[in-house]
Every structure is written in C-alpha cells, then in structure tokens.
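A.B. asks: Numbering (this note's numbering), first residue to last: 251 to 944.
C-beta atoms are modelled at their ideal positions from N, C-alpha and C, and glycine is treated no differently.
Sharing a structure below in structure tokens format, with a few things to ask.
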Ligand code: ADP
Ligand code: SF4
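As structure tokens, then:
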C-alpha cells in the first residue's frame, strides 16, 4: 500500500511541557532508549508460527513511538515448551531469522528490541517437544490441563539449564535484540520456581534461604553478562510479591530479593501476583503503585512497571515522583500503538484507551492470534495491511447511511468518514452507545464506555459525518432518503425462550411464570424473589446480573450447565474473582445444572450428568442464554426475494445485527466493512496471506 493512498486525519499541536519528562532518553546498560515508553513483553497468541504477523505488530508499536518493544515469552529450549499457546521461540539457530524480522521492524522505527528469554519450569506443558519438564522440586503443572509431573533437577540438570540459557541469549544477540531477560515472575519460569518457597523445597545450596533460592539467578546473570553483556542490556523481570499468602514469595522477600540483586541487572521490570493483567472490572489504572514505593531507593538501575496506564498525567506523575523510570505497558500499547506519538503531538483526545476487557489475553488462552476490542487492527497489520491510524482514501462520492449508533455503527461511521465518504448516522435513542449504555452502568464496567467515547470524539472531528439522534428509521423512510448505500448496525437482543447452547428448542414455560431478559434487569425492572438466573451464555452477563440483584437485596440462585459460574471468563482471567464475589454476596450457585422447565412458582433443574430432577422455588427467572439479531429492518428492506432494493446500490448488516458476538467481534466487523467498502481487492486474496505466514 503506498503512502499516497493513505490518509491521517490527525491535527498535530505542540506537546504539553508537563509530559516532556516522558520523552527523555534513558540509558539501559550498553543501550539507550529514546524515551520512557516501554512495551513490556506481552503475549499475542501468534508467536513463532506467524513471524510476519508478529513483526508487523511489534513494528507498528515502534512506529507509534514506543522506545522499547519486547517480544512475548520467548522459549529458549524445548524443555520449556508452552505449546500449544502462541509464544516466541529461540530453540535453535534456525529460529534466529524469524526473530530478526521483528527486530528489524522495531529498529526501523528507532526503538530498542527486547527478548523475554525464558526456560519454563513446572508450568511447562511440553506437549510439542515431549521433554519432561524440570522443576526445583517435583510437582505437577499448576495448569492442571496435562497430567504430568515435573522432574526435580539434579546438579547436571542445573548445569544444563545454565548452558541452555547462555546459548539462548547468544541466539537472541545474533537475532539483533538489544535487551535480554531473566524472568522471575508469573510462576512460568524455572528461575521463578527456584525463587518461590512454594515450589522450591530443596535442601541443597539452591534451596532454603532466599540467598540460596536466588543462586541460580545469580549464576545465570553472570553468565549472561559474559555472553552478551557487551551489546545487550540485561533485564530482570521480578515478582515483588506472589500474592499467595504464606505459600509464595512474600512482599518482604520480594523486597529483599531486589535488595540482594540491586545493581546486578541493567534494568528492573517489576510486577506482583501470578496474574498481573486483571480486568478493569476488578482493577483500575496504576494498581501496582503500592508495591513500588521503595524500589528506586534500592537500585540505581532503571525501573519499569505496568499499571494499564492510559493517562499521561499518571505516567508523568509516576516518573516525577521517582517511582519508575519507564512507563511499562502491554494492554495500553495494544489498544493504541500510537499512544506515545499522540502524547508527543498534543493529541490526547485521539488516544484509544484500553478498556481492560482482556479479550487480547482470551485469544492467547484460546490459542489463536490475538485481537483487541478497542483496536481492530491489532494482529491484522500484516495479513490485512491495516494500519491503526491510516485508511485508504475513498474514490467515489457515495453517500452512506449507517443505521444504529452502537459500537458497530460508530466504528463504521468513523472509518467511512475518515475515508472521506459522505456519511449519515441515524440512532433511534437520544444518546449514542447502543447496548454499551446499560452495560457500562453494571458494576465495574464503566471503562467499557471508552469504546463509545473514543469513536464519538473522532466522529466529531469529521465534517463529512452527520449524526441524527432520536431517529428510529423504518424501511420506507430509508428508501425515500436517497442514500446510495445503507448499512444496518441495529444490534441484537437477548432471547426470552431459553434457546441457547443447551436447548435447541424453547424451555417449556408456564404462562404464569415471570420470565425476564437481561435488558430488563439492567433497566431496573421489578423482580420477585427468589430470582433464578439461568446462564447458558457463560460470559460476564449471567454472573454480573447475579451480583446486581444480590446487591439490590434479592435472594438469587445462579444455575449453569457448566462447572463454573461465568465459565468463559476463565480466559479473561476474572472467573475466580467473579465466583468469589458471588459467594461473598450470598448468591446460591448451582453448577452442572440445566433448567428443564419453568413453572408458575418454581423451576425444575436437571443434573447434566444424571438427568435427575430437582424442583426449586422461583419468583422470577432471568434467561441469559443467547442473543438474536435485530434484523427485522434488514428483512423488510430486502423483501421476500432477498434482493437489494433498486433504490440502493448496496445494503449490508454489521456488528450484532449481522451476528451477535463479542464486542470485539462487532467492532471488527464494522471496521472491516468501513475498510473494504468500495475497494476492489477481494478479501480472500488477503486472507491467503494468513496461510503463508511462515
Ligand atoms: P452493536 O454492538 O452491533 O453496535 P448495539 O445493540 O450496541 O449493536 O447498537 C444498536 C443500536 O442500533 C442501538 O443504539 C439502537 O437504538 C439502534 N437501532 C436499532 N434499530 C434502529 C432503527 N431502526 N433506527 C435507528 N437506530 C436503530
Ligand atoms: Fe485493552 Fe481489551 Fe484491547 Fe486487551 S482487548 S488491549 S484489555 S481493550
């Protein structure tokens, strides 16, 4: 794609001097970062299987102004093989060239490239390599998804680990990386296993005291320095606290560990807890600060820490108060690869803030290339040539009507408008945002409104986009307006008949039963106790409605055919938090149960294994099973023969109207419509690139 065909609508102004500090260069051992924006290692679900995809994604962040861009978890030996999840690899010299692709893409844009070199320990699945995983003491993998036990390392194994680490960092150096890592957090690496009193029960010089548990780290650090320290900076990524109570590394020991190694690395990359990417529902910006108060007094080496930072004021304050030297970011750099540039150019209202939904992590957990709710171009930089800030200029003078001002309608209008088309957006309600308006009033979900706010802010800058509120349109009106093209983003609604994953036919329901949909609970309708929520959707909605109703003082039972409440949120890393919250709120939880019938004053549950029936009293029933598209308008326009009406050149559906799904999917579908509208290249030609990414 040539640059002449691209358009950026950005208006650049002068950088606010308050943020000058963020653009100071920082020395890291033998290398120098041009500014303080540091993309910490983060997974992307693609890894070594899609080297071009990963290189283009990382290169985009460097283009967007990040001073340091790291790989994800990079396995440097088959004994630490996290297959099938996506990850970078440096097992042999043959892996150097694919990694060099990323390094080149990052260097081209003036950033440093870092490699999170890791040998995993007890965590390893090793499903691909079939090596037996190694650990300080013999334990099964905490993942519980593979029935194997890691073997305790003997002295020869320890020598091998040291040798393999050295060989791995040498390969990283050959690939051109500027920073290599020693990884001591997240319960994933063998070095963290040694540090952890939970896993390390050795009685030799590698176990017992903290000094002993850090021995292997010290040895590997020295050997890494000898091997690559002339060219590469050495970072230690350390857990300051495993947040595991008495079992793991305590806060006191985390602090002590940093004291012991204070000046040994060139950079400290600090974190806490096994999972440090909690959803915004449970954790807000700068959550790590309470752990950081002492770190700059311990070491003169630069410190990076994350905190899902999207506010430049918070970033600058953290640096000015001497808590960090680098603003670490994974998710904010995914949602907006151009975040540093936007701060630099004084375009704060163009920042696409991460909403903390963790769909990016969910994709990694599902073993697919990742995606982002806010940034639909993430991981599509290579295979679709999508640039997060640029679109191709449209060549026709087409006028387009977008019906529906939810996330999909807003996204389509934004992209079409940016491409220069004449766009009108009609929304039935008095406010834009669609289903996000009630959803973001649910507990903890307010940040999701950033999806609307970013797009609305962009639309307000486009003079070729007109917005009409309070405009419920029908087919007749649409055909008389005279638009060339119409795209329907009319959303979806929750079913009231119980059809979903479990039931392909409606759940037998007594006509006197009170059956409610999630929309009614969200708008505060009256319910009668006891409320039964049947969750066959498994994402956040069933669990969060139980929370809402319990907080309103109702007696609530949540019933689900799965073994866990809101089971799909396991991949967004907040399932445990959700179930804990419901238990604490006194919600009765009935898992592995189907809803067989809904009677006037009770429901009948059915065990998913035995089919055994249990009646329980029910004043009202909330069905969270599946959503249906609002496609009546589309059908009315198309008519019984399903032909685009002659008054229009095209008619399309996007977002939930096309197919109800994740918010990320809805925005992606709208974005794609906006990009591909009036473009001759058949999408399939591009898709083939996915298969060729080797
Ligand atoms: P999506 O996630 O696909 O954007 P939403 O349900 O969030 O879907 O948004 C759909 C929006 O479409 C809602 O704001 C709704 O008010 C609006 N809408 C639905 N039907 C019409 C219509 N006939 N005319 C105008 N707006 C409509
Ligand atoms: Fe943030 Fe959600 Fe995008 Fe992940 S998917 S970067 S959490 S907006």
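(1) Where are the alpha helix (DSSP H) runs, 4 residues long or more, that stay fully inside the segment 804–853, in chain order?
(2) State the Cα-Cα distance for the pair residue 680 and residue 735, rounded to the nearest angstrom.
(3) Quick one: what's residue 717 bridged to in DSSP?
(4) What residues in its chain sit with their C-beta under 6 Å from that of residue 383, if we drop five residues either side in the sequence?
(5) Using 7 Å as the cut-off, classify the Cβ of residue 566 as near or not near the heavy atoms of ligand 1, replying yes or no.
(6) Does the separation of the CB atoms of residue 554 and residue 575 fall below 8 Å?
(7) What distance in whole Å lies between the Cβ atoms of residue 296 and residue 619, which are believed to be in contact at a cut-off of 8 Å?
(8) Ordered along the chain, which non-local residues of its own chain (more than five positions away) have a Cβ less than 8 Å from that of residue 771?
(9) To which residues of the same chain is residue 423 closer than 8 Å at the C-beta, ignoring the five residues directly before and after it?
(10) Who are the near neighbours of residue 717 in its chain, counting only those whose CB is closer than 6 Å to its CB and skipping five residues on each side?
(11) Near residue 603, what residues of its chain come up, given a Cβ to Cβ distance below 6 Å and the 5 sequence neighbours on each side ignored?
(12) Please tell me whether, using a cut-off of 7 Å, the distance from the CB of residue 608 to the nearest non-hydrogen atom of ligand 2 is below it.
(13) Under the criterion of a Cβ to heavy atom distance below 7 Å, does residue 623 qualify as lining ligand 4?
(14) Examine ligand 2 and report whether any of its heavy atoms sits within less than 7 Å of the Cβ of residue 705.
(15) Tell me whether the beta-carbon of residue 331 lies closer than 8 Å to the beta-carbon of residue 298.
(16) Is the segment 409–419 touching the segment 269–284 in the sense that three or more CB pairs, one from each, lie closer than 8 Å?
(17) How many Å lie between residue 614 and residue 512 at the Cα?
(18) Evaluate the contact criterion for the segment 871–888 versus the segment 736–746: three or more CB pairs, one atom per stretch, below 8 Å.
(19) Decide if the segment 636–655 is in contact with the segment 562–571; the criterion is three or more beta carbon pairs, one per stretch, under 8 Å apart.
(20) In three-state terms, what does DSSP make of residue 856?
(21) Report, in whole angstroms, the separation of the C-beta atoms of residue 470 and residue 415, which I expect to be a contact under 8 Å.
(22) In terms of DSSP beta bridges, what is residue 390 paired with?
(23) List the whole-angstrom C-beta distance separating residue 505 from residue 490, where the pair is believed to meet the contact cut-off of C-beta under 8 Å.
(24) Please classify residue 906 as buried or exposed, where buried requires at least 16 other C-beta atoms within 10 Å of its C-beta.
(25) I'd like the list of long-range same chain contacts for residue 538, defined as Cβ closer than 8 Å, with 5 residues on each side in sequence excluded.
(26) Tell me which residue opens and which closes the beta strand (DSSP E) that residue 321 is part of.
(27) Using DSSP's beta-bridge definition, name the partner residues of residue 903.
(28) So residue 520 is in the beta strand (DSSP E); what residue range does that whole segment cover?
(29) Which residue marks the beginning of the alpha helix (DSSP H) containing residue 610, and which one marks its end?
(30) Going by the C-beta, is residue 336 closer than 7 Å to any heavy atom of ligand 1?
(31) For ligand 2, any of its heavy atoms closer than 7 Å to the Cβ of residue 601?
(32) Per DSSP, which residues does residue 743 bridge with? Please list them.
(33) Secondary structure at residue 208, three-state DSSP: helix, strand or coil?
(34) Let me check you understand the geometry: is the CB of residue 293 closer than 7 Å to at least one non-hydrogen atom of ligand 2?
(35) With the cut-off set at 8 Å, would you say residue 368 and residue 385 are in Cβ contact?
(36) Tell me residue 865's beta-bridge partners as DSSP assigns them.
C.D. replies: Straight from the coordinates:
(1) 825–834
(2) 24 Å
(3) 675
(4) In chain order, 374, 376, 400 place their CB closer than 6 Å to the CB of residue 383, counting only its own chain and leaving out the 5 sequence neighbours on each side.
(5) Because no heavy atom of ligand 1 lies under 7 Å away, the Cβ of residue 566 does not count as near it: no.
(6) yes
(7) 4 Å
(8) 777, 795, 798, 799, 872
(9) Once the five neighbours on either side are set aside, the close Cβ partners of residue 423 are 430, 477, 478, 481, 482.
(10) 675.
(11) 560, 700
(12) Under cutoff, so the answer is yes.
(13) With respect to ligand 4, the structure shown offers nothing to examine, as its ligands consist of ligand 1 and ligand 2.
(14) no
(15) no
(16) no
(17) 33 Å
(18) yes
(19) no
(20) If DSSP states are grouped into helix, strand and coil, residue 856 belongs with the strands.
(21) 5 Å
(22) 399
(23) 7 Å
(24) buried
(25) The residues are 520, 521, 522, 526, 555, 556, 557.
(26) Going by DSSP, residue 321 is part of the beta strand (DSSP E) stretching over 318–325.
(27) 738
(28) 517–521
(29) 609–615
(30) no
(31) Relative to ligand 2, even the nearest heavy atom lies 7 Å or more away from the CB of residue 601.
(32) 878
(33) Residue 208 is absent from the structure shown; the chain starts at 251 and stops at 944.
(34) no
(35) no
(36) 854
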